[in-house]
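Working notes for the structure below.
Protein chains in written order, with my numbering: chain A, 1353 to 1645; chain B, 3 to 331.
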């Protein structure tokens, strides 16, 4: 019995943490700016392609330390792109209708896809996990790829770091106060525009980090940006949009629902994710946890 | 509010330009190459798709991000029917496609409009649309990921004589006529009592509710009409492209009418049609350059959304208004 349940649960958790890595930056930006950033998946994709290129071009980058270093560098690079996007696009989207910001950022996703197609071509590329994460462990009878464990650990680590930042540090509390009431925060002498920029850069850096960490997990193609964003949308809406804790919970919940659903109804893989999202929005439109936490 | 409350009218210019565009579409096979005629047929279907979508988006402000599900429902249902019952008159297989789309949009509208609004409505319709996309891609009777291929163009039987739409450009002319009729019907709904009540709801939902109007019922009706007409567009496309794949149910296909509406201007009835034509021109012009299509379309879209909030028609109206004021001075 347990030998059937455990691999499925593991699959669900790997999916959950991959999507949480993508969704964390998305929900952070929505929590502060109230912009649902359609291009987020596109910037995850750019992070993954950057990691692919650096790993293949620079010799001696096969170790786990180099892999982590490259992921952080991707985070910095994509964070810098976030600075530009904030200046050029997001500042003009304040106070416009949701559908407008959705389409403006969808246009950004198209730009990301165009950039990836002209830079790397439309073919599928793939990279292997670093040495030390390429193998597998046996826990009892259970076959566990080390890279799967790494993705789960990375997801939990990013969640803990974000949670600590938002709840236990001064800058995190300032961020939350701006999310709650930007006008009041500005009266208290907080530079609200600068905080908005911090949130956008942090959100984009999280996208770049997710791209760098997840690059070995899949075939890279220009369609990658659109694939992840839909799952991430579901996760942040179910979690309570803008809420990092909620996104983490929702990712685990939806990952497990989808993994077990696919085992029991193998004719329609992936269907249970959408069923669960639809049902939860219907009965709890505000999500599992609401507000920024 | 994203939409100007009262949009400036172009007066006699609108029917004039609409007539010219219709004439250009109708005479296209006589002066354009075959590839362009095929593209024009697709654009005609997309115009109907976008005009139907805008009945919901432009008049209620609600973004349905699963509209492609209705398009695919119409296309798949009619193609499946035509294949299962080859002797069935064409009009009945089309009607079957529209009926399936109507049933689906009735159910989704009933569920989605009851609870969700704003961004939640968009994501809920997106999730339900992706659900239908996944189901189509895994259903053997609908060809799984490969879709349905070799969809025949029908023969119209008028009793006294028969018209084989497979020869020449005949199916294209049917598309022109059908698109004109459906657009006319949508124009009538947009400017009729339902359209005006919806426009009032968009501006002041509370006040309209106080007047005794059932706000949700009207939104459900708009969603139903919008979904049914979208399914009709899908049913018309299947024999034209002769192949349909699950991609027409994918969320990126649902994004198309939203792009057309914002590009052309969603506050005006003909805005989405202008957007569809301009979009097709942009894509056609950049089709041979890898990655260029996305860069040009994305860039143009970003420019329109950031700098021209009323879309192309809204900006033209503002410019013509300014010209008129200066002329009067």
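Quick reminder that beta carbons are idealized off the backbone N, C-alpha and C, glycines included.
So with CB distances below 8 Å, who are the chain A contacts of residue i?
i, result
"residue 188 of chain B", "The contacting residues do not exist; residue 188 of chain B stays about 20 Å from chain A at best."
"residue 294 of chain B", "1466, 1470"
"residue 65 of chain B", "1450, 1451, 1454"
"residue 254 of chain B", "1578"
"residue 79 of chain B", "Residues of chain A passing the Cβ test: none, with the nearest at roughly 19 Å."
For residue i, name the three-state secondary structure that DSSP assigns.
i, result
"residue 1637 of chain A", "coil"
"residue 64 of chain B", "coil"
"residue 14 of chain B", "coil"
"residue 1581 of chain A", "helix"
"residue 167 of chain B", "coil"
"residue 44 of chain B", "helix"
"residue 1575 of chain A", "coil"
"residue 8 of chain B", "Residue placement at residue 8 of chain B cannot be trusted, given a pLDDT of 44 that sits under 50; what the coordinates show is reported in the next sentence. The answer is coil: DSSP assigns residue 8 of chain B none of H, G, I, E or B."
"residue 3 of chain B", "Note that residue 3 of chain B has pLDDT 39, beneath the 50 cutoff, so the model's placement of it is unreliable and the number below is only indicative. Of the three classes helix, strand and coil, the one that applies to residue 3 of chain B here is coil, per DSSP."
"residue 159 of chain B", "strand"
"residue 151 of chain B", "strand"
"residue 260 of chain B", "helix"
"residue 1387 of chain A", "coil"
"residue 1589 of chain A", "helix"
"residue 1627 of chain A", "helix"
"residue 317 of chain B", "helix"
Could you tell me which chain B residues have their CB closer than 9 Å to the CB of residue i, listed as they occur along the chain?
i, result
"residue 1388 of chain A", "121, 124, 125"
"residue 1473 of chain A", "292, 293"
"residue 1422 of chain A", "The contacting residues do not exist; residue 1422 of chain A stays about 24 Å from chain B at best."
So which residues of chain B does residue i contact, with C-beta pairs closer than 7 Å?
i, result
"residue 1380 of chain A", "Simply none; closest approach about 16 Å."
"residue 1295 of chain A", "Because chain A in this structure spans residues 1353 to 1645, residue 1295 of chain A falls outside the shown range and cannot be described."
"residue 1601 of chain A", "In chain order: nothing, as chain B lies at least about 17 Å away."
Which residues of chain A have a Cβ atom closer than 7 Å to the Cβ of residue i, listed in chain order?
i, result
"residue 257 of chain B", "1458"
Along chain A, which residues have their Cβ under 9 Å away from the Cβ of residue i?
i, result
"residue 260 of chain B", "1451, 1454, 1455, 1458"
"residue 113 of chain B", "1630, 1634"
Which chain B residues are close to residue i, counting only those with a beta carbon under 8 Å from its beta carbon?
i, result
"residue 1462 of chain A", "296, 297, 299, 300, 303"
"residue 1607 of chain A", "Going along chain B, no residue has its Cβ under 8 Å from residue 1607 of chain A, so there is no contact; the nearest lies around 16 Å."
"residue 1626 of chain A", "129, 130, 132, 133, 136"
Determine, for residue i, whether the minimum Cβ-Cβ distance to residues of chain D falls below 8 Å.
i, result
"residue 1623 of chain A", "Included in the structure are the protein chains A and B, with no chain D among them."
- Residues in the stretch 123 to 146 of chain B having any Cβ partner in chain A nearer than 8 Å: 124, 125, 126, 128, 129, 130, 132, 133, 136, 137, 140
Does the stretch 241 to 253 of chain B come close enough to the stretch 1625 to 1637 of chain A to have 3 or more Cβ pairs within less than 8 Å? no
Notebook entry, point to check: Hey, is the stretch 1597 to 1617 of chain A in contact with the stretch 1395 to 1410 of chain A, meaning 3+ C-beta pairs nearer than 8 Å?
Noted result: no
Using 8 Å as the threshold, is the stretch 1517 to 1532 of chain A in touch with the stretch 1379 to 1387 of chain A, meaning 3 or more CB pairs across them? yes
* Listed in chain order, which residues of the stretch 1550 to 1578 of chain A have Cβ atoms closer than 7 Å to some Cβ of chain B? -> 1578
Along the chain, which unbroken stretches of the beta strand (DSSP E) at least 3 residues long are found entirely within the stretch 65 to 124 of chain B? none
On the three-pair Cβ rule with 8 Å, is the stretch 310 to 330 of chain B touching the stretch 1473 to 1492 of chain A? no
Legend entry - Meets three-Cβ-pair contact criterion under 8 Å: the stretch 1496 to 1512 of chain A and the stretch 1359 to 1372 of chain A: yes
- Determine, using beta-carbon pairs with one atom in the stretch 274 to 281 of chain B and one in the stretch 95 to 107 of chain B, whether at least three such pairs fall under 8 Å. no
- Query: Residues in the stretch 280 to 308 of chain B with C-beta within 9 Å of chain A's C-beta atoms, listed in sequence order?
  - Reply: 291, 292, 293, 294, 295, 296, 297, 298, 299, 300, 301, 302, 303, 304, 305, 306, 307, 308
Inset, instruction - Taking only beta carbons into account, state which residues of the stretch 260 to 277 of chain B come closer than 8 Å to chain A, listed in chain order. - result: 260, 261, 264
| message | Runs of 3 residues minimum, wholly inside the stretch 1473 to 1549 of chain A: which ones carry the beta strand (DSSP E) assignment? | response | 1488 to 1491, 1494 to 1497
### Message
Give me the subset of the stretch 1425 to 1447 of chain A whose CB atoms are less than 9 Å from a CB atom of chain B, sorted by chain position.
### Response
1440, 1441, 1444, 1445
Original post:
Are the stretch 1427 to 1434 of chain A and the stretch 1553 to 1562 of chain A in contact at 8 Å, needing three or more beta carbon pairs?
Top reply: yes
With three or more C-beta pairs closer than 8 Å as the rule, is the stretch 1418 to 1428 of chain A touching the stretch 1579 to 1596 of chain A? no
- Residues within the stretch 1580 to 1592 of chain A neighbouring chain B, beta-carbon criterion of under 7 Å: 1582, 1585, 1586, 1589
Cβ contact (3+ pairs, closer than 8 Å) linking the stretch 208 to 216 of chain B and the stretch 120 to 136 of chain B: no
Discussion item. Check whether the stretch 87 to 99 of chain B and the stretch 46 to 60 of chain B are in contact - that is, three or more C-beta pairs closer than 8 Å.
Written reply: no
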